[in-house]
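Sequence lines, in order, name chains Z and G. Be aware that the first sequence starts at 17, since it is given in this note's numbering, and climbs by one per residue. Be aware that the second sequence starts at 935, since it is given in this note's numbering, and climbs by one per residue. Heads up: the structure comes next, in C-alpha cells.
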Amino acid sequence: NAGVMQNPRHLVRRRGQEARLRCSPMKGHSHVYWYRQLPEEGLKFMVYLQKENIIDESGMPKERFSAEFPKEGPSILRIQQVVRGDSAAYFCASSPVYSNQPQHFGDGTRLSIL
Amino acid sequence: GQQVMQIPQYQHVQEGEDFTTYCNSSTTLSNIQWYKQRPGGHPVFLIQLVKSGEVKKQKRLTFQFGEAKKNSSLHITATQTTDVGTYFCAGRRSGGATNKLIFGTGTLLAVQP
C-alpha cells in the first residue's frame, strides 16, 4: 500500500497523558499536513511541514501541541497533557514537492480522551 | 483570517434528484479543490480548478470556479446512493505565503433510495 499511512487508527488516553500520532507520507511526497476534525465539522488546518522544517504552524494551539517531520521516519503530532476537548479525528495528508498539487489523506487517528 | 463557507450545511434528496453545493471564500483564491468524505472515511480528492470561470465535468459532477476566483460550486445530476458523503471545497489564498489549504465548512449530502 503506497498511500498515506497513519497509526494508530484509534487511540484512547486519559486526561493528562500524552498522545503521539504518526504519519508516513506517500512515497515521493515531501510535504505533510495535519488537520483536526471534530464530529460533524470540517477540517481545521493545524500544521504544514517539510522534512526537518515547519513551514506553517498557524493552526496549532499555542500550548501542548507540537509536530515534527524528521529526516528519517514518520511525521509525529504530539499532544501533551491531553484534555477532553482534544477528542477528535486527526488526519494527515501529503503532497509532492510542487505546490498546487492535490493532497492525499490517510485514514486518520480517532483520539478519545477519557 | 481567511474563511471558506459552504452552503447548505446539509441536504437531503431523493435518489435521482439534483444537488448543488456552493463555496464562498472571503479572499481571492489561486485555485480551488474539491474533496469527498464518506461517513467514517477520509477526504478523497475529486478535482482542482485553477482558471477564472473554469468549468470541469466528471460524469454526473460539474464543478465551476467563479470569475472573481472567490466562489465555486459543485453540481451533481441525478444523485445516486453512492453520492452520500460530505463534500468539501478547499482553497489556497492567492499570493499566500505557504502551500496550505483552507477547507470549507462542508455540505453533507444524504440520498434516500
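C-beta atoms are modelled at their ideal positions from N, C-alpha and C, and glycine is treated no differently. Predicted model only: the values in this text are computed from it and were never measured.
The count of Cβ pairs closer than 8 Å, one atom from the segment 945-960 of chain G and one from the segment 50-60 of chain Z, stays below three, leaving the stretches out of contact. For a Cβ distance threshold of 9 Å, nothing in chain Z lies close to residue 1005(G): the least Cβ distance comes to about 17 Å. Assignment of beta-bridge partners to residue 939(G) by DSSP yields 958(G). Setting aside the 5 residues that flank it on each side, residue 91(Z) is surrounded in the same chain by 38, 39, 40, 41, 48, 50, 65, 83, 84, 85, 108, each with a C-beta closer than 8 Å to its C-beta; the list follows chain order. Contact annotation for residue 1035(G) against chain Z: 49, 61, 119 [CB-CB distance below 8 Å, chain order]. In this structure, the CA atom of residue 128(Z) is about 8 Å from the CA atom of residue 26(Z). Residue contact with chain Z for residue 973(G): absent (no Cβ-Cβ distance below 7 Å to any residue of chain Z).
Rounded to whole angstroms, the gap between the alpha carbons of residue 963(G) and residue 969(G) is 16 Å. By the CB criterion at 7 Å, residue 22(Z) and residue 122(Z) fall inside the cutoff. One thing to note: residue 1039(G) has its Cβ within 7 Å of the Cβ of residue 58(Z). Contact between the segment 91-106 of chain Z and the segment 939-955 of chain G is absent, with fewer than three C-beta pairs closer than 8 Å. The beta carbon of residue 1029(G) does not come within 7 Å of any beta carbon belonging to chain Z, so the residue lies off that interface. For residue 85(Z), no chain G residue has a C-beta closer than 9 Å to its own C-beta; the minimum C-beta separation is roughly 14 Å. Excluding the 5 residues flanking it on each side, residue 946(G) has same chain C-beta neighbours closer than 6 Å at 1044, in chain order. The Cβ atoms of residue 67(Z) and residue 87(Z) lie closer than 7 Å to each other.
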